[in-house]
Amino acid sequence: KKKIIKKEKKAVDWQKYLDRQLRDQSVRKYYDEYGKQLEIAYQILQLRKKQKMSQTELARRLKTKQSNVARMEAGQQNFTTDTLQKVADIFKRQLKGEFVK
Numbered sequence: 001k002k003k004i005i006k007k008e009k010k011a012v013d014w015q016k017y018l019d020r021q022l023r024d025q026s027v028r029k030y031y032d033e034y035g036k037q038l039e040i041a042y043q044i045l046q047l048r049k050k051q052k053m054s055q056t057e058l059a060r061r062l063k064t065k066q067s068n069v070a071r072m073e074a075g076q077q078n079f080t081t082d083t084l085q086k087v088a089d090i091f092k093r094q095l096k097g098e099f100v101k
């Protein structure tokens, strides 16, 4: 599987980063298909880093493998609502989902 989105070395403002990346048509096509998943992945990564928690520790708390957390943060794994709720609980956050028109 070819990686389309380029990795950044340091934490960046998500919206600015996204705006830059979406100038590329191949990235825009990918984002249109997987954008929400990527946004959630980025939020999980930021929450983990803010808590100075390793992927291994998050995996232990989620009762999964570190490699699953890595895929989750890379946007390469689908999320169940159960998993997202567990992540929210670990970081003492509320999970909010909504359908909008």
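Taking UniProt numbering, the leading residue of the sequence shown gets 1, the next gets one more, and so forth.
Heads up, the beta-carbon is just placed ideally off N, CA and C, and yes, glycines get one too.
Query raised in the report: With a CB to CB cut of under 7 angstroms and the five nearest residues on each side skipped, what residues in its chain are close to R61?
Result: Answer for R61: I90, listed in chain order.
Query raised in the report: What's the C-alpha gap between R20 and K63?
Result: R20 and K63: Cα-Cα distance of roughly 36 angstroms.
Query - DSSP-derived helix/strand/coil call for V27 - result: helix
Report task. Identify which residue in K86, R71, K101, R93 has its Cα closest to the Cα of Q37. Result -> R71
Requested in this report: Kindly say whether Y17, judged by its beta-carbon, lies nearer than 8 angstroms to any beta-carbon of chain B.
Outcome: Among the protein chains of the structure shown there is no chain B, as only one such chain exists.
Requested in this report: Could you have a look at E98 and say whether DSSP puts it in helix, strand or coil?
Outcome: Here E98 sits in coil by DSSP.
Requested in this report: Can you have a look at V100 and say buried or exposed, based on whether 16 or more other CB atoms are within 10 angstroms of its CB?
Outcome: Exposed: under 16 other Cβ atoms inside 10 Å.
**Report entry** L58, enclosing alpha helix (DSSP H) - first and last residue
**Finding:** 55 to 62
Query raised in the report: Beta-carbon separation of V69 and L58 under 8 angstroms?
Result: yes
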